[in-house]
Amino acid sequence: MRFEDHETLTLVHAFENAISEGRQPYFDVEDLELILDYYLDTGSFEQTKNALEIAQAIHPLAFTFKIKEVQLDIAMKDYTRAEAKLNHLEGLNMRSTELLIARATILMHRGNTQKGLQLLDEALAGSDDPVEVLQMIADTHLSQGDYPRAINILVRWCRLEEEDLDEGALYQLAMCLDFTNEYDRAIALFESFTLKEPYNPLLWYQLGAFQLRKDNEAQALQMFQWAITADDTFHAAYFEIGRIHEHNEEYINALTAYKQSVNEDLPSGYVHFRIGLLEAELGSPNEALREFNKAIALEPDMDDVHLERASVLMELERYAEAVKDYKKVWLDEAYGSEDVLDFVECLIELDLLEQAIAILYDAVERFPEVLQFRLVLAGYLFAADDIISAKEVLEDLHLNRDELRTLFAEYFPDLLEVPVVAAILAELK
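FYI, in our numbering the residues of the sequence shown are 5 to 433.
Below is the structure:
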């Protein structure tokens, strides 16, 4: 069901207007089927029940509405009731593709997947419109993780001559081929599909993605360019072009492509994050900050963006704002060892020495292998006049005197001139 189908939506609106006005609507069987399918596919089960009653009152002998009753019971997970109705219909010697699909659905929900697939194969053999059955078979194989069988069914679906290529089927096929690492087969298949639909941007995009899997950046770039030639609003292709340029340190080209990948209808915080990173790399901290703000507004839980925004805010000497970002990341425990000293520096700029020391103690516990955290902690303990604690931290380093003095001097050269610090460093063994 294509919910954007104007004909279907017009029928649904006409049907609902008649009901709301208290009129008995009249529609032929085919129109009522479309209305019922719309309600079923959108999960509007109460509307489906009401529409079924009206449909059966208008067309009491129409077999298709008996099938819709079964489909509604299945959609509502009332398999016992659905099965009873199926038994009755089959007892009347009624046979149809829809009944086979319904029986297969019940069997698979009850765990008898193999028998369900056999019935779907029967339904496929007798179906005038095999797409629905192929989709069900593919979905079943996918749910079982049987990607090779799913690939075969999806290829069969995509090769139906009378059908345009289904976007969902193409995405599923690409995903399966990716999972099975069949990149050469994927490229051959999607190239064959371009013979049928040479102006389909999704085909060129997927070809580019598979060329990237094979580390063929030049070919991938060409495929993505063809995707945007076919559709200059194909945002995902612009994004991949940006990634390739960024990987090759062509930052201006990457920035241009990322900006073209921004989709106002489907905004992505990650796109603005990548743009912000490039703006920072190109020496535009205010532009970077603007993009990071957009990213966080769209996806507030992206900790990497908070870290990068904190870094830019520090560059702009907006330390109080940077601290808020760091604290958010620390609450999520989403930081790495490389972030600790930046946070500590920010706290020191705000004269928050005790908080900086607390962060360093946490870092020493979380990253015991990082010796510089102990050195920096000791230096700030000296600065806080906590001589005993500073000495204990230095003793835990287990370095010889010369190594300790050299490393300590890298972080706190001025402290070496303080007599008590010099004395402690001299007496440590």
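Note that beta-carbon positions come from the ideal geometry of N, C-alpha and C, so glycine has one too. Computed from a predicted model, the values in this text were never measured in an experiment.
Contacts around residue i, its chain only, beta-carbon distance under 6 angstroms, and the 5 residues preceding and following it disregarded
i      : result
Ile207 : For the record, residue 207 in the displayed sequence is Leu; it is not Ile. Within the same chain, Leu207 has close Cβ partners Phe194, Phe197, Thr198.
Asp346 : none
Ile248 : Glu221, Leu225
Phe228 : Gly212, Ala241, Glu244, Ile245
Leu146 : Ala154
Asp235 : Pro205
Ile23  : none
Leu375 : none
Pro134 : Leu128
Leu351 : Gln359, Ala360
Trp230 : Trp208
Tyr339 : Val333
Leu317 : Glu325, Ala326
Glu29  : Per the sequence presented here, residue 29 reads as Pro, with Glu not at that position. So the list reads Phe19, Ala22, once near-sequence residues are dropped.
Same chain, Cβ closer than 7 angstroms to residue i, five either side skipped, listed in chain order
i      : result
Arg107 : Leu90, Leu123
Asn267 : His239
Ala173 : Leu158, Trp161, Cys162
Neighbourhood of residue i by C-beta distance below 8 angstroms, restricted to the same chain and skipping five residues each side
i      : result
Gln148 : Thr117
Phe7   : The predicted position of Phe7 is uncertain, since its pLDDT is 44 and thus under 50; no value can be drawn from it.
Ala55  : Phe19, Leu36, Ile39, Leu40, Tyr43
Met140 : Ile105, Ala108, Thr109, Leu124
Ala261 : Tyr242, Phe243, Ile245, Gly246, His249
Asn290 : Leu320
Gly383 : Ala394, Phe412, Tyr415, Phe416, Leu419
Val137 : Thr101, Ile105, Leu124, Ala127, Leu128, Ser131
Met306 : Gly273, Tyr274, Phe277, Ala299, Ile300
His251 : Glu221
Nearest to residue i (by Cα), restricted to the options the options
i      : options                        : result
Cys180 : Asn156, Trp161, Pro202, Asp400 : Asn156
Ala362 : Val374, Glu373, Arg378         : Arg378
Pro205 : Leu128, Phe214, Tyr384, Phe238 : Phe238
Ile105 : Asn185, His92, Asp125, Gly115  : Asp125
Leu401 : Phe49, Leu420, Pro372, Ala413  : Pro372
His310 : Glu253, Ala129, Trp334         : Trp334
Ala178 : Leu164, Glu201, Ala154         : Ala154
Glu319 : Tyr339, Gln223, Ala292, Ser100 : Ala292
Phe69  : Leu138, Ser100, Tyr83          : Ser100
Leu357 : Ala387, Phe49, Glu369          : Ala387
Met112 : Leu93, Lys81, Ala88            : Lys81
Ile428 : Glu396, Glu414, Lys72          : Glu396
Leu408 : Asp390, Val380, Pro423, Asp343 : Val380
Arg189 : Leu164, Asp170, Lys218         : Lys218
Leu286 : Tyr365, Ala258, Val137         : Ala258
Asp390 : Trp230, Trp161, Val424         : Val424
Thr144 : Ser315, Gly115, Asp168         : Gly115
Tyr365 : Ser341, Leu354, Glu353         : Ser341
Phe214 : Glu337, Thr184, Ile232, Pro202 : Thr184
Leu65  : Glu283, Asp32, Gly26           : Asp32
Thr233 : Ile58, Leu103, Pro202          : Pro202
Glu3   : His10, Thr410, Ala59, Glu399   : Past the boundaries of the shown model lies residue 3; the chain is included only from 5 to 433, so the question cannot be answered.
Status (buried if at least 16 other CB within 10 Å, exposed otherwise) for residue i
i      : result
Met5   : Reliability fails at Met5, whose pLDDT of 40 lies under 50, so the model's placement of it is uncertain and no value is given.
Tyr151 : buried
Ala129 : exposed
Asp329 : buried
Thr109 : buried
Ile256 : exposed
Pro77  : The sequence given here has Asp at residue 77, not Pro. Burial call: buried.
Leu403 : buried
Ile392 : exposed
Glu312 : buried
Tyr209 : buried
Phe49  : exposed
Gly120 : buried
Lys72  : buried
Ala426 : exposed
Val16  : buried
Ala369 : Correcting the residue type first, residue 369 is Glu in the shown sequence and not Ala. It is exposed - the Cβ of Glu369 has fewer than 16 other Cβ atoms within 10 Å.
Leu385 : buried
Val344 : buried
Val422 : exposed
Glu25  : exposed
Thr52  : buried
Ranges of the alpha helix (DSSP H) found wholly within the region 137–167, counting only runs of at least 4: 151–162
Kindly confirm or deny that the region 291–300 and the region 271–279 touch, where touching means at least three C-beta pairs closer than 8 angstroms. yes
Those runs of the alpha helix (DSSP H) which lie wholly inside the region 181–260 and span at least 4 residues: 187–200, 205–217, 221–234, 239–251
Ranges of the alpha helix (DSSP H) found wholly within the region 55–111, counting only runs of at least 4: 67–79, 83–95
Enumerated in chain order, which unbroken segments of the alpha helix (DSSP H) with a length of 4 residues or greater are wholly contained in the region 26–56? 33–45
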